[in-house]
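Chains A and X, in that order, are what the protein sequence lines are. Sequential numbering of the first sequence, starting at 346, is according to this note's numbering. Sequential numbering of the second sequence, starting at 651, is according to this note's numbering. We put the beta carbon where it would ideally sit given N, CA and C, even for glycine. Predicted, not measured: the structure shown is a model, and the values here were computed from it. What follows is one structure encoded as structure tokens, with my remarks underneath.
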Amino acid sequence: MADLQIEKFGQKLRFRVCYEVGFACPDIDDLVQETLRRFLEATRADKLRSEEAAAAFANGICRNVISEYRRRLYRDAPMPEVIPEPSARSLPETEQFELRQALDEAMKQLSPRDRLVLRAFYLEEQSTEEILERTGLTLENLRVVLCRAKERFRQIYSRSVQYRAASNH
Amino acid sequence: MEKTFHTDPVAREHTFARYLARTLSTSAAEQLENHYLGCDECFEELRATKLLIRELGGMPVDSAVERTLENVMESALESALAGDVTVIRFTGSAQLTCSSSDLSALVRMVDTRGDTKVLIDLQKVSRIDSTGLGMLMRCYTHAVRNAGVLKLLQPTPQVKRVLSLTKIDSIVPTFEDETAALLSFRDLG
């Protein structure tokens with residue numbers, strides 16, 4: 346696995362681990378590293394059946410690492426439920442401010458109807474049919490609303506990743 | 651999953667939303683994880699969705715939209731008077747989590763009312779996370795500051811476990827039986 350691939354894979358594992366243990370868990374990096382270590386070790390030992398199965402294999406390892414961590418933690422002290430992610434705390438204040446502004450701007454660019462649609466879709470978990478009926482949109486309209494909103498947030502996310510990378514150097 | 655994901659973005663977004671809200675079944679969540687760990691495109695989309703959902707959850711809503719949401723929110727809760735105790739109940743299955751509208755509805759109901767004796771029935775609450783716990787404590791503090799009392803009724807086993815782990819049940823009185831809970835308010839006069 347090339348360095349770049351490992352870095353990307355590490356990001357995905359980090360997301361997966363954070364999803365499971367919460368974003369405020371102090372041991373996220375250790376869990377990601379341990380998963381990566383076991384995965385690379387298994388790959389070197391030719392334990393991976395096929396390239397296609399790599400993601401599922403890594404997911405299995407990640408699950409085991411988290412389970413072991415939880416068992417260890419429960420033995421010592423009770424662990425709280427998932428804690429919400431703190432907002433971009435690792436970024437310098439100016440960059441946090443810029444990102445906050447970009448996010449606010451992205452939200453402002455959404456029309457009231459689009460916000461209603463997005464909230465119904467993402468937060469209220471209404472079915473596509475319900476949303477179409479409630480708003481009078483066609484499926485194509487809905488797809489456009491989703492794609493437009495997602496594109497803005499994808500750009501902001503990439504910018505925050507670049508900021509993080511730059512501030513780490 | 652791969653085929654559906656790359657041909658039907660609406661279905662993909664639905665799956666992402668349910669995954670992030672933790673309402674996806676275990677097997678479907680595992681399938682999604684197996685997929686995004688190997689697919690850069692879906693991983694980027696998932697991260698963007700997460701950011702979008704976080705912003706949607708915290709954004710101020712327009713008054714017209716807010717009114718619609720208010721109606722939806724309030725219909726999820728009902729309150730009734732039992733003597734001088736206000737009993738707040740969820741009318742359907744509810745979750746007290748950061749992305750749930752049930753939580754905002756509950757906080758709004760407790761905050762805006764002047765009741766001094768409040769009993770919250772948690773019978774229909776299937777999940778609670780740290781945001782929900784924080785908000786419950788906020789309701790409790792609000793009641794105490796206004797010389798009131800707040801108690802909890804019939805938490806489901808999962809919620810009970812969290813209340814016990816965080817030791818909140820030792821601060822906020824919790825009851826299994828409604829009559830006993832109502833009687834406990836009488837001792838306060």
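Taking residue i as part of the beta strand (DSSP E), name the residues at either end of that continuous run.
i: X/F740; result: V735 to F740
i: X/D771; result: K767 to D771
i: X/S776; result: V775 to I778
i: X/V799; result: V799 to L803
i: X/L815; result: From DSSP, X/L815 is part of no beta strand (DSSP E) but of the alpha helix (DSSP H) over P807 to L815.
Alpha carbons only, please: which of the options is nearest the one belonging to residue i?
i: X/Y686; options: A/R361, A/Q446 and A/T380; result: A/R361
i: A/E352; options: A/R394, A/D374 and A/E365; result: A/D374
i: A/D449; options: A/Q378, A/E396 and A/R497; result: A/R497
i: X/V735; options: X/L682, X/F666 and X/L803; result: X/L803
i: X/R788; options: X/L756, X/S814 and X/C689; result: X/L756
i: X/A661; options: A/Q454, A/E474, A/A390 and A/R479; result: A/E474
i: X/D658; options: A/Q500, A/A401 and A/V489; result: A/V489
i: X/L753; options: X/S729, X/I778 and X/A732; result: X/I778
i: X/L769; options: X/T806, X/D690, X/F693 and X/K801; result: X/K801
i: X/Q808; options: X/R704, X/L772, X/L832 and X/D827; result: X/L772
i: A/Q500; options: A/E478, A/A447 and A/Y364; result: A/A447
i: X/F740; options: X/L731, X/A726 and X/V812; result: X/A726
i: X/V760; options: X/V799, X/Q681 and X/R668; result: X/V799
i: X/E695; options: X/A732, X/S820, X/L670 and X/I821; result: X/L670
i: A/L468; options: X/P823, X/P805, X/I703 and X/A797; result: X/I703
i: A/K357; options: X/C692, X/A667, X/S677 and X/H656; result: X/C692
i: A/R408; options: A/A387, A/E396, A/S456 and A/V377; result: A/V377
Could you tell me which chain A residues have their CB closer than 9 Å to the CB of residue i, listed as they occur along the chain?
i: X/P659; result: R488, L491, C492 and K495
i: X/T673; result: E470
Which one or two residues does DSSP pair with residue i in a beta bridge?
i: X/S729; result: X/I738
i: X/Q745; result: X/R777
i: X/T595; result: Residue 595 of chain X cannot be examined here, being either before or after the span of chain X that is shown, 651 to 839.
Please list the partners that residue i has in chain A, where partner means a Cβ-to-Cβ separation under 7 Å.
i: X/G688; result: A399 and A400
i: X/I818; result: Near X/I818 there are no residues of chain A at all, since even the closest Cβ is about 11 Å away, more than 7 Å.
Looking at the unbroken alpha helix (DSSP H) that takes in residue i, where does it start and where does it end?
i: X/Q681; result: T676 to Y686
i: X/A830; result: E828 to R836
i: X/A667; result: P659 to L670
i: A/R458; result: P457 to L463
i: A/R479; result: T473 to T480
List the residues of chain A that residue i touches, going by C-beta distances under 8 Å, in chain order.
i: X/R668; result: E470
i: X/H685; result: A400
i: X/E705; result: L448, A451, M452 and F498
i: X/L702; result: L463, Y467, A494, K495 and F498
What does residue i touch in chain X if you count any residue whose Cβ is under 7 Å from its own?
i: A/R499; result: E694 and A698
i: A/K540; result: The structure shown does not extend to residue 540 of chain A, since chain A is modelled only from 346 through 514, so no value can be given for it.
Could you name the residues of chain X that residue i contacts, counting a contact when the two beta carbons are closer than 9 Å?
i: A/T473; result: V660, A661 and H664
i: A/K353; result: D690 and F693
i: A/R361; result: E683, Y686 and L687
Going along chain X in order, which residues have a C-beta closer than 8 Å to the C-beta of residue i?
i: A/F384; result: Within chain X, no residue comes near A/F384; the closest Cβ sits about 10 Å away, beyond 8 Å.
i: A/N404; result: E680, E683, N684 and L687
Using a Cβ-Cβ distance cut-off of 8 Å, determine whether residue i contacts chain C.
i: A/L385; result: In the structure shown, chain C does not exist; the protein chains are A and X.
Start-end ranges of the beta strand (DSSP E) lying completely within the region 350–389 of chain A, minimum 3 residues
With a minimum length of 3 residues, no continuous beta strand (DSSP E) run stays inside the region 350–389 of chain A.
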